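In our numbering, the protein residues as written are 239 to 848.
Quick look at the structure:
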């Protein structure tokens with residue numbers, strides 16, 4: 239009977255009495271005298287299913303099993319006597335409500351639901367609301383949706399040192415200082431508060447963002463780190479070590495200092511966390527503000543702040559930089575970026591989608607840009623062309639502009655190593671391909687049956703604006719040296735190859751061993767440790783401009799694919815070489831909702847700096 243009571247959830251009530259009614263008086267009395275629990279498996283399986291109690295032979299057959307029929311006694315108790323019975327109708331399945339399930343099973347069911355559905359579930363009834371107070375449910379939601387694996391009942395928190403747990407506060411009235419706990423009391427905190435007041439509330443700022451710092455831009459990655467939400471600013475390695483890993487530093491963090499109250503702290507400066515504020519302006523945009531900017535100042539004044547920033551940003555002192563123009567660029571960047579005091583606006587960016595026919599896996603790369611140092615570039619593929627968009631920029635070409643575009647329909651076959659050392663030979667090959675591309679564009683733009691009149695330029699059939707005259711006239715002088723010895727951070731405006739037009743001849747497959755590669759004589763490279771073999775090369779273009787993004791013009795070049803993680807670009811008119819290396823980091827919440835959303839993002843970040 240105990241098993242019956244556990245299944246019914248009502249004790250020895252309705253279901254138990256029903257079984258007693260089906261038994262005879264003697265059987266019922268004998269069962270009541272027994273004290274052993276009823277554990278019949280078959281009885282457990284059918285518990286709750288109503289049984290139709292009717293006398294045998296009551297199926298309506300005349301003369302068989304009637305009240306006065308002498309064969310009725312045989313049918314009821316005799317063995318082997320022929321009896322006429324009718325088949326009973328199938329019993330309806332048992333109906334069980336969620337309210338009748340045991341609490342531990344409800345906890346398991348509720349823990350598998352999305353956290354956004356649990357508040358609605360709590361409004362169903364008091365029992366559901368009481369069960370949803372179980373911290374196990376919210377701990378699982380924190381782990382599965384946001385990757386939180388820490389145990390709130392333990393003080394040891396991943397990524398938090400003992401110095402962060404306690405800070406020494408000096409009281410001038412007392413000779414000895416005392417220690418003050420600066421982290422919340424996680425032992426008395428609940429996962430429900432972590433989910434609702436921290437993770438769910440600030441879920442919209444997780445992912446990759448580009449700060450609005452004028453032409454310089456940046457890359458911010460907001461992640462759930464332990465029991466914190468931290469905004470990490472990703473910085474390229476020190477110039478010119480393009481293959482070194484990325485550097486990063488925290489700009490802000492969010493956590494629960496008190497129950498049901500999230501605290502935002504600014505991490506900028508060298509005096510530790512201090513009061514900050516975050517405001518979600520609109521979809522895919524938020525802003526940060528520091529409420530204690532005095533924490534950013536140093537006792538030595540601006541000179542000490544500049545020397546500290548220079549060591550962190552460039553890994554050297556100003557005396558180590560002999561190039562006067564480079565010193566001006568560095569000082570200009572420090573003055574411009576330090577005035578924001580971590581009060582910035584961020585706009586969401588996505589990683590490029592991957593397609594099966596991509597040349598290599600798209601993603602983020604770090605590349606050399608002459609006196610401007612290393613910058614972050616996003617490589618994406620768009621059918622017959624590939625684009626490199628700047629995530630970080632410089633005063634010549636700001637962040638958001640496209641640094642290179644590769645025409646995947648025009649492959650370049652480099653000469654042998656001896657002839658490749660001759661810059662004039664490489665220049666001749668590139669200019670011939672450029673003339674071929676120009677003629678093909680004119681044929682695509684020329685309407686059928688209509689000849690181009692003298693001095694009349696054909697309308698552009700591409701999605702991008704027509705190329706400026708500087709691109710079509712290689713005899714124009716090269717840009718001023720102030721643009722940098724390596725392209726000055728030159729980037730190219732976006733071009734998208736048209737899908738119509740005559741198909742190009744199939745290109746030969748790249749050899750498995752690769753082709754020997756060497757930079758032509760006279761081509762400047764910040765990094766001499768470049769690969770000496772390449773897979774294939776394509777015709778490409780880049781964008782160069784004067785200071786303040788003035789007089790931008792495209793310049794021809796060649797895209798060199800070394801391997802899956804490295805490529806290069808030779809700027810023909812500037813006689814410079816840029817080397818790019820993949821950023822090998824895993825970014826969460828950075829996938830675009832659709833390819834159209836990614837293209838729209840590229841247009842938006844480019845429009846902000848145009």
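Just so you know, even glycine gets a beta-carbon here, dropped at the ideal spot from N, CA and C.
None of the values given here were measured: they were computed from a predicted structure.
Which residues in the same chain as residue i place their Cβ atom closer than 7 Å to its Cβ, once the five residues preceding and following it in sequence are excluded?
{"i": "residue 644", "result": "623, 624, 776, 778 and 797"}
{"i": "residue 805", "result": "797, 798, 799 and 818"}
{"i": "residue 433", "result": "353, 376, 379 and 380"}
{"i": "residue 789", "result": "783"}
{"i": "residue 429", "result": "373, 376, 377, 380 and 390"}
{"i": "residue 485", "result": "473 and 475"}
{"i": "residue 591", "result": "830, 833 and 836"}
{"i": "residue 556", "result": "548 and 565"}
{"i": "residue 599", "result": "592 and 802"}
Please classify residue i as buried or exposed, where buried requires at least 16 other C-beta atoms within 10 Å of its C-beta.
{"i": "residue 772", "result": "buried"}
{"i": "residue 639", "result": "buried"}
{"i": "residue 571", "result": "buried"}
{"i": "residue 388", "result": "buried"}
{"i": "residue 437", "result": "buried"}
{"i": "residue 811", "result": "buried"}
{"i": "residue 834", "result": "exposed"}
{"i": "residue 504", "result": "buried"}
{"i": "residue 831", "result": "exposed"}
{"i": "residue 845", "result": "exposed"}
{"i": "residue 628", "result": "buried"}
{"i": "residue 356", "result": "buried"}
{"i": "residue 526", "result": "buried"}
{"i": "residue 364", "result": "exposed"}
{"i": "residue 573", "result": "exposed"}
{"i": "residue 518", "result": "exposed"}
{"i": "residue 528", "result": "buried"}
Can you list, in chain order, the residues of its chain whose CB lies under 8 Å from that of residue i, leaving out five sequence neighbours each side?
{"i": "residue 661", "result": "758, 759, 760, 761 and 813"}
{"i": "residue 360", "result": "366, 367 and 370"}
{"i": "residue 450", "result": "582, 583, 584, 585 and 846"}
{"i": "residue 440", "result": "467, 492, 500 and 516"}
{"i": "residue 650", "result": "667, 668, 671, 775, 776, 777 and 796"}
{"i": "residue 552", "result": "476, 477, 559, 568 and 611"}
Rounded to the nearest angstrom, what separates residue i and residue j at their Cα positions?
{"i": "residue 586", "j": "residue 822", "result": "20 Å"}
{"i": "residue 843", "j": "residue 637", "result": "8 Å"}
{"i": "residue 331", "j": "residue 338", "result": "16 Å"}
{"i": "residue 491", "j": "residue 584", "result": "15 Å"}
{"i": "residue 340", "j": "residue 465", "result": "32 Å"}
{"i": "residue 801", "j": "residue 828", "result": "24 Å"}
{"i": "residue 616", "j": "residue 820", "result": "10 Å"}
{"i": "residue 576", "j": "residue 488", "result": "16 Å"}
{"i": "residue 477", "j": "residue 350", "result": "49 Å"}
{"i": "residue 220", "j": "residue 548", "result": "Outside the displayed range of the chain (239 to 848) lies residue 220, so it cannot be described from this structure."}
{"i": "residue 568", "j": "residue 635", "result": "15 Å"}
{"i": "residue 647", "j": "residue 753", "result": "20 Å"}
{"i": "residue 596", "j": "residue 618", "result": "9 Å"}
{"i": "residue 523", "j": "residue 655", "result": "50 Å"}
{"i": "residue 851", "j": "residue 604", "result": "The structure shown does not extend to residue 851, since the chain spans only 239 to 848, so no value can be given for it."}
{"i": "residue 431", "j": "residue 342", "result": "22 Å"}
{"i": "residue 479", "j": "residue 766", "result": "10 Å"}
{"i": "residue 824", "j": "residue 594", "result": "20 Å"}
{"i": "residue 454", "j": "residue 609", "result": "14 Å"}
{"i": "residue 463", "j": "residue 512", "result": "18 Å"}
{"i": "residue 680", "j": "residue 673", "result": "11 Å"}
Let me check you understand the geometry: is the CB of residue i closer than 8 Å to at least one non-hydrogen atom of the ligand NAP?
{"i": "residue 500", "result": "Within the structure as shown, the ligand NAP is missing, as the structure has no ligands at all."}
Throw me the rounded Cβ distance for the residue i and residue j pair, which I believe falls under 8 Å.
{"i": "residue 606", "j": "residue 764", "result": "4 Å"}
{"i": "residue 613", "j": "residue 631", "result": "7 Å"}
{"i": "residue 664", "j": "residue 756", "result": "Wrong, their Cβ atoms sit about 11 Å apart, outside the cutoff."}
{"i": "residue 857", "j": "residue 534", "result": "As displayed, the chain neither begins before 239 nor continues past 848, which places residue 857 out of reach and without an answer."}
{"i": "residue 579", "j": "residue 531", "result": "5 Å"}
Looking only at its own chain, which residues have a Cβ that is under 6 Å from the Cβ of residue i, when we skip the five neighbours before and after it?
{"i": "residue 482", "result": "475"}
{"i": "residue 543", "result": "536"}
{"i": "residue 589", "result": "828"}
{"i": "residue 768", "result": "817"}
{"i": "residue 384", "result": "437 and 462"}
{"i": "residue 509", "result": "533"}
Does the CB of residue i have a neighbour CB from chain C at under 9 Å?
{"i": "residue 428", "result": "As a matter of chain content, chain C is missing from the structure shown, which is built from one protein chain."}
Are three or more beta carbon pairs between the region 836 to 847 and the region 497 to 509 nearer than 8 Å? Pairwise C-beta distances place the region 836 to 847 out of contact with the region 497 to 509, as fewer than three of them are shorter than 8 Å.
Would the region 442 to 450 and the region 555 to 567 be scored as touching if the rule is three or more Cβ pairs under 8 Å? The region 555 to 567 and the region 442 to 450 do not touch, with fewer than three beta-carbon pairs separated by less than 8 Å.
Three-pair Cβ contact test at 8 Å for the region 370 to 378 versus the region 334 to 353: Inter-segment contact for the region 370 to 378 and the region 334 to 353 is present: three or more beta-carbon pairs are separated by less than 8 Å.
Touch check for the region 448 to 462 and the region 470 to 486: three-plus C-beta pairs under 8 Å? The answer is yes - the region 470 to 486 touches the region 448 to 462, with three or more Cβ pairs under 8 Å.
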